[in-house]
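**Q** Can you read through this structure? Questions will come right after.
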Amino acid sequence: MPSLTLLNPADHRRVPWKNGGGVTTELAVEPTAGPTAGPSSDGRFLWRVSIADVVEPGPFSAFPGYDRLIAVVEGDGMRLSVDGAPPVERRRLDPAFAFPGEAKVWCEPTAGPIRDVNLMLDRASATGALTLLAGPAADRAAGDVVLFHALAGTVTVIPDGADALPVPEGHSLLLRDGAARVEVPDGAEAVCAAVRRR
């Protein structure tokens, strides 16, 4: 049976980066011990969706054994150098960029501070997708867990077999074991993170 949980900004937790270079805001996380929308511990997690502010060039923290997807949601953009390869540039609301968590990654904002959204997945236990939507737009997502987050404006999530639910700016809707359509009106923006257990 699908379950729905609305998360407001008070449910988010700000945690320091592993390398001490900044702060991440966790929107939702599931420790390997079991499902929760609460904060992560020092242990491993099955998946995590978070938003981070990057104000200056620097390295990413290493997350061995994880797959990462990242996308810019505020600011101009960033360049990522992964394991010494030529830099890859991502602008605001470009498709998510995937890379292994154990890679050595150098990030450089292209024109001032940025904010990015991250989906991290325990490679042995989960796969997933990270989609950004700028209105007017609509999409459909399904998975063991789907997180819909309203970046700007209010978006509407319509779970299969349930009433439409408004998700205000800065809030998230966590859907477990189900599918839903998300509608993003003109001027609004949203993130959709879908996770499937292996």
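Mapped onto our numbering, the consecutive letters of the sequence shown carry residue numbers 227 to 424. Glycine included, each C-beta is placed from N, C-alpha and C at the ideal position.
(1) Please look up how many angstroms separate the CB atoms of residue 385 and residue 230, rounded, as I've assumed it's under 8 Å.
(2) With DSSP collapsed to three states, give me the class of residue 365.
(3) Am I right that residue 327 and residue 420 are in contact with their C-beta atoms under 8 Å? What's the rounded C-beta distance?
(4) What are the boundary residues of the beta strand (DSSP E) that includes residue 404?
(5) Per DSSP, which one or two residues make a beta bridge with residue 354?
(6) Does DSSP put residue 235 in a helix, in a strand, or in coil?
(7) Using 10 angstroms around the beta-carbon of residue 258, count the other beta-carbons present and answer buried if the total reaches 16, otherwise exposed.
(8) Within a Cβ cutoff of 7 Å, which residues of the same chain sit near residue 411, ignoring the five residues on either side of it in sequence?
(9) Please list the terminal residues of the continuous beta strand (DSSP E) segment that includes residue 243.
(10) Under the rule that 16 or more other beta-carbon atoms within 10 Å means buried, what is residue 236, buried or exposed?
(11) Cα-Cα, which of 415, 321, 315, 325 is closest to residue 364?
(12) In chain order, which beta strand (DSSP E) runs of at least 3 residues are fully inside the stretch 258 to 315?
(13) Taking buried to mean at least 16 other C-beta atoms within 10 Å of its own C-beta, is residue 387 buried or exposed?
**A** So, from the listed chains and residues:
(1) Confirmed, Cβ separation roughly 6 Å.
(2) strand
(3) Not a contact, Cβ separation roughly 19 Å.
(4) 398 to 410
(5) 421
(6) helix
(7) exposed
(8) 361, 362, 379
(9) Careful: residue 243 lies outside any beta strand (DSSP E) and carries neither H nor E.
(10) Exposed is the call here.
(11) 415
(12) If we require 3 residues or more, the beta strand (DSSP E) runs fully inside the stretch 258 to 315 come out as 271 to 280, 292 to 300, 303 to 308.
(13) By the 10 Å Cβ count, residue 387 comes out exposed.
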